[in-house]
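The structure appears right after this line, and notes come after that.
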Amino acid sequence: MTAFLMKTDQLTFEKAYENLQTMKPEAKMNEGFEWQLKLYQSMGCKVDTSSAVYKQYRLRKVTEKYPELQNLPQELFAVDPTMVSQELKDEVLYKCRKCRRSLFRSSSILDHNEGSGPIAFAHKRLAPCLMPVMGSRAQCTSYFIEPVQWMEPALLGVMDGQLLCPKCSAKLGSFNWYGEQCSCGRWITPAFQVHKNRVDEMKMLPVLGSQTKNVNF
Ligand SMILES: [Zn+2]
Ligand SMILES: [Zn+2]
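Everything in the sequence shown is counted per my numbering, starting at 14 for the first residue and increasing by one.
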């Protein structure tokens, strides 16, 4: 009912729930469902399975089943970008800096709001003069992404570990089903992080389609 009110009357979750409770004071919803409706609101009152917030939610749900995580639903994984059949459109491709193997696309990056930088790391608080200027963005040194197909063997049956390049085994980053802290201070759960300095960003030109394709003008 609340979801219906949100969608048809274009109300926020709070307002729709309040309206419902005005009509039916004994109406009470559990926390999990409340959370889902807020997610629904952030997706513009439709279920967008390709949005970062949805992917993050789905990953978190899977993590609740840990440690029985012996196999993972395939839809949890982004398609390996080396699969040529996939259209790249105007996405950015990220490659291993060492061997150039394609690792993931920009659509796999699960953005997070930056934490309050050094302040979030209470144990290494900086002197006031070293504090970043108010309003300046803390730097995230990693990309937090959804799992990609090539990671699957590394992720199963263990709680955390390293993420290595599937071709040259260069260390790219790490993962932890219980979460990791970004350099900006924000906790991401679960976390699949790739250090920005281990990958190169490749902008794909929509006209050329694929970078490796030869185009005759
Ligand atoms: Zn590599
Ligand atoms: Zn961050």
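Backbone N, C-alpha and C define an ideal beta-carbon position, used for all residues, glycine too.
Discussion item. Tell me whether the stretch 107–123 and the stretch 168–185 touch, counting them as touching only if at least three CB pairs, one residue from each stretch, are closer than 8 angstroms.
Written reply: A contact exists between the stretch 107–123 and the stretch 168–185.
Item to complete: Give the single residue among Ser155, Met19 and Gln83 whose Cα lies nearest to the Cα of Leu52.
Response: The residue you call residue 52 lines up with position 39 of the sequence shown. Minimum Cα distance to Leu52 is reached at Met19.
Practice prompt. Closer than 7 angstroms by C-beta to Gln69: which residues in its own chain qualify, once you throw out the five before and the five after it? Chain order, please.
Written response: Numbered from 1 along the sequence shown, position 56 holds the residue referred to as residue 69. Contacts found: Leu123.
Item to complete: Excluding the 5 residues preceding and the 5 following Arg73 in the sequence, name in chain order all residues of the same chain whose CB lies nearer than 8 angstroms to its CB.
Response: Against the sequence shown, residue 73 aligns to sequence position 60. Excluding sequence neighbours, Arg73 sits near Thr202 and Pro203.
Worksheet item: With 16 as the cutoff for other CB atoms within 10 Å, does Tyr30 come out buried or exposed?
Response: Along the sequence shown, one-based indexing puts residue 30 at 17. Tyr30 comes out buried.
Item to complete: Measure the CB-CB distance between Val161 and Ser196 and report whether it falls below 8 angstroms.
Response: Counting from 1 along the sequence shown, the entry for residue 161 is found at position 148. Counting from 1 along the sequence shown, the entry for residue 196 is found at position 183. Contact: no.
Worksheet item: Would a C-beta distance cut-off of 8 angstroms place Gln87 and Gly170 closer than the cut-off?
Response: On the sequence shown, residue 87 is found 74 positions in, with the first residue counted as 1. On the sequence shown, residue 170 is found 157 positions in, with the first residue counted as 1. Taking 8 angstroms as the Cβ cut-off, Gln87 and Gly170 do not qualify as a contacting pair.
Worksheet item: Nearest-angstrom Cα distance between Ala16 and Leu24?
Response: By 1-based counting over the sequence shown, the position of residue 16 is 3. By 1-based counting over the sequence shown, the position of residue 24 is 11. Taking the straight line from one Cα to the other gives about 9 angstroms.
Practice prompt. May I ask you to report which of helix, strand or coil DSSP gives Leu33?
Written response: The residue labelled residue 33 in the question sits at position 20 within the sequence shown. In the structure shown, Leu33 sits in a helix (DSSP, three-state: H, G or I).
Item to complete: Please go through the same chain and pick out, in chain order, the residues whose beta-carbon is closer than 6 angstroms to the beta-carbon of Ser119, but skip the five residues on each side of it.
Response: Here the question's residue 119 lines up with position 106 in the sequence shown. Taken in chain order, the residues that qualify are Glu104 and Val105.
Discussion item. To the nearest angstrom, how far is the alpha carbon of Asp213 from that of Trp163?
Written reply: Start at 1 with the first residue of the sequence shown, and residue 213 comes out as number 200. Start at 1 with the first residue of the sequence shown, and residue 163 comes out as number 150. Looking at the backbone, the Cα of Asp213 and that of Trp163 are separated by about 18 angstroms.
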